[in-house]
Amino acid sequence: MNPALIFVVLLAIPVAVADAVWDDAHVTFYGDINGGETMQGACGYGDLFKEGYGLETAALSTALFNNGQTCGACFEIQCVNSKWCKPNSGSIKVTATNFCPPNYSPPLNIRWCNPPNKHFDLSMKMFTSIAEYTAGIVPVKYRRVRCQKRGGVRFQIKGNPHFIMVLVYNVGGAGDVTSVAIRGHDSNWIPMQRNWGQNWDTGVGLLGQKLSFKVRTSDGVGMMFNDVASENWGFGQTFEAGLNIH
């Protein structure tokens, strides 16, 4: 596999990650202690264990989800100002993998994910790492942090001979992908469009060609991943690049 090459992104408006300040929010949890109900989700990720995210995940409220553009971003969260905070629990780090939808039905006290609230719906394991189970909801401080992922960026290819959709995941650095381009060995670079979450698509057929990708994250960092998939790639397959964004 050819090494990924860093490319310079001009006119980028970076999202501050390394120097992010702490902000206020609340957290709840969903699913069971083994992660039931937290798999799949609005970001397009599938089995979070197989994809490397595990239970260190969160569903984001409307104010944070940003129509799916925040998918893949990483956050540090600590419980504060509540008798339900576990002593000396420190903080947890999670990746955004799902959407916590707003609820406009009564009662008013369950509308935590409604705009403009900043809210994280955690897996039960992550919630009980910082707060008592019986609390249900606690106030927290949170901030954006850089994602630390094992292995390279991964590309899951779906679609048909006339339509290619690629799930981009296990992305380090800022984590949230803002643009993707694809190239076959007999084609020019083709910009892909966000389909939903971190699924990106194009109507250009590239069957029988080696596939390369350009990926850019919200902090303006971009990387080129050459010949990630051989000319024998097939739909439903996942390919891992040799490098990741840091």
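Going letter by letter, the sequence shown gives residues -18 to -1, 1 to 228 in mature numbering (1 follows the signal peptide of the UniProt record, and there is no 0). C-beta: ideal position from N, C-alpha, C; glycine also.
Item                                                                                                                                                : Value
I'd like to check one pair, V197 with V159: are the Cβ atoms closer than 8 Å?                                                                       : yes
Candidates V122, M174, D14, D168: which alpha carbon is nearest S71's?                                                                              : V122
So M135 packs on N226, CB below 8 Å; how close in whole Å?                                                                                          : First, the residue type needs correcting, since residue 135 is Val and not Met in the sequence shown. Contact flag correct, Cβ pair sits at about 6 Å.
Using the C-alpha atoms, what's the distance from C56 back to P(-5)?                                                                                : Annotation note: pLDDT 49 at P(-5) (below 50); position unreliable, coordinate value reported separately. P(-5) and C56: Cα-Cα distance of roughly 16 Å.
Look at the alpha carbon of I(-13) and the alpha carbon of N208, and state the distance between them as a whole number of angstroms.                : Caution applies to I(-13), whose pLDDT of 38 falls short of 50 and renders its modelled position unreliable; the value that the coordinates give is listed next. If I take the Cα positions, the gap works out to 11 Å.
Run the CB neighbour count on S212, radius 10 Å, all protein chains shown included, and call it buried at 16 or more, exposed below.                : exposed
With the cut-off set at 8 Å, would you say L42 and F137 are in Cβ contact?                                                                          : no
If you draw a straight line from the alpha carbon of C67 to that of G141, how long is it in whole angstroms?                                        : 46 Å
Which stretch, first to last residue, makes up the alpha helix (DSSP H) that contains M108?                                                         : 106 to 112
CB-CB under 7 Å to residue 233, same chain, minus the five flanking residues each way: which ones, in chain order?                                  : No information on residue 233 is available, as it lies outside the stretch -18 to 228 that the chain covers here.
Should M21 and I74 be called a contact, given that it needs their Cβ atoms to be closer than 8 Å?                                                   : no
Cα-Cα, which of S194, T79, I112 is closest to G34?                                                                                                  : T79
How would you label Y86, buried or exposed, when you count the other beta carbons within 10 angstroms and need 16 or more for buried?               : exposed
Could you check what DSSP says for F217 in three-state terms: helix, strand or coil?                                                                : coil
Hey, A40 and L104 are a contact pair by Cβ (cut 8 Å); roughly how many whole angstroms apart?                                                       : 5 Å
Consider the C-beta atom of P173 and the heavy atoms of the ligand ADP; say whether any pair is separated by less than 7 Å.                         : The ligand ADP is not part of the structure shown, which contains no ligands of any sort.
Please state if the CB of G157 and the CB of V203 are separated by a distance shorter than 8 Å.                                                     : no
Helix, strand or coil for N63? Go by DSSP, reduced to three states.                                                                                 : coil
Assuming F195 contacts I172 under a Cβ cut-off of 8 Å, what Cβ separation, rounded to an integer in Å, is found between them?                       : About 10 Å separates the two Cβ atoms, so there is no contact after all.
If you run the structure through DSSP and keep just helix, strand and coil, what is V210?                                                           : strand
Going by the beta-carbon positions, is the gap between R93 and P84 smaller than 8 Å?                                                                : yes
Could you tell me which of Q60, P98, R132, N99 sits nearest to F31, measuring between CA atoms?                                                     : R132
Which whole-angstrom value is the C-beta distance of I119 and T10, which I expect to be below 8 Å?                                                  : 5 Å
Near N77, what residues of its chain come up, given a Cβ to Cβ distance below 6 Å and the 5 sequence neighbours on each side ignored?               : In the sequence as displayed, the identity of residue 77 is Thr instead of Asn. Answer for T77: Y35, T39, C56, listed in chain order.
So, at 8 Å on beta carbons, what are the nonlocal neighbours of A113 in its own chain, with the 5 sequence-adjacent residues on each side left out? : V9, C61, S64, W66, C67, K68, S71, V120
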